[in-house]
């Protein structure tokens, strides 16, 4: 006989479905590993079917689990909106909003520009995920994301945030010690700093192959902030985002008319999350922020 289902178990089901393992789900829900396992087992007993197959790689949704997932997400979204409406009848913005962005953008641009938003919304908490990879909106790792690769399919809202120009930079002291770099051919005489190719998730960030046939790589890192520090240390030249290069007078653009790469950053959110007032407020603030700094992003001049 099927038992009546505890609807609170949907939170546990969604966390495991999105993260694929019990331990990460437990951390997100701030409960013990055993609690998550017990809740999932109870849910499967109540429904009379398995929701997950257990594999060495983790837990995979069964056919029944896949059928339940969109319905569970609909319940989650509706309950979040109801909770917000009931608690915020005074129109105040309250709660947490998690934003995923590239590490350099988070550290060198966004963090110092969030204070006006937080001053206007004393009940709002912004959680900034400074990641060396793309934030996963599907797993609800973040409510919003600023990304080079927006979701192509699914229930997402995507808006153009800003165009960016990445420039080649050298340290002022390093450049003073070498012959002037006048043409691309001169770059063959200099060492370079770049991403570790095996960990590069965005092919567009393979800058150097567009500059030199055989660049002399001397230092590689998954972090653009590490690239900046390596440039300042005099290790070599690196392509940096404009908000990183323009923020430090010790950095100088090299061949700015030729050694430059333009990309578009996108602001993305799951459609369900934008139903929440607190998420919409952050979304609107970020869109205005992107438009207000067009010159910095496109020309590397603050």
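Residue numbers (my numbering): 25 to 326.
Note that CB positions come from ideal geometry on N, CA and C, so glycine has one too.
Closest in alpha carbon position to residue 177, among 294, 310, 250, is 294.
Contact between residue 148 and residue 118 holds: their C-beta atoms lie close to 7 angstroms from each other, under 8 angstroms. Annotation for residue 216: the continuous beta strand (DSSP E) segment containing it runs 215-218.
Contact fails between the stretch 128-137 and the stretch 256-263, because fewer than three Cβ pairs, one in each stretch, are under 8 angstroms apart. In this structure, 214 is the residue among 102, 74, 214, 38 with its C-alpha nearest to the C-alpha of residue 194.
Look at residue 151 here: in three-state DSSP terms it is strand. Non-local C-beta neighbours of residue 63 in its own chain, meaning closer than 6 angstroms and more than five positions away in sequence, comprise 33, 36, ordered along the chain. Note: residue 170 is bridge-paired with 291 in the DSSP secondary-structure output. Residue 248: member of the alpha helix (DSSP H) spanning 248-256, first to last residue. CA-CA distance, residue 227 to residue 43, rounds to 25 angstroms.
By the Cβ rule, the stretch 184-204 counts as touching the stretch 274-288, because three or more pairs are nearer than 8 angstroms. Residue 152 and residue 171 do not touch by the CB rule: their CB atoms are close to 14 angstroms apart, not below 8 angstroms. In the structure shown, residue 75 falls within a coil segment according to DSSP collapsed to helix, strand and coil. For the 8 angstroms CB-CB criterion, residue 49 and residue 56 do not form a contact. In the DSSP assignment, residue 268 falls within the unbroken alpha helix (DSSP H) covering 266-269.
With fewer than 16 neighbouring CB atoms inside 10 Å of its own CB, residue 47 falls in the exposed class. In chain order, 186, 188, 266 place their CB closer than 6 angstroms to the CB of residue 321, counting only its own chain and leaving out the 5 sequence neighbours on each side.
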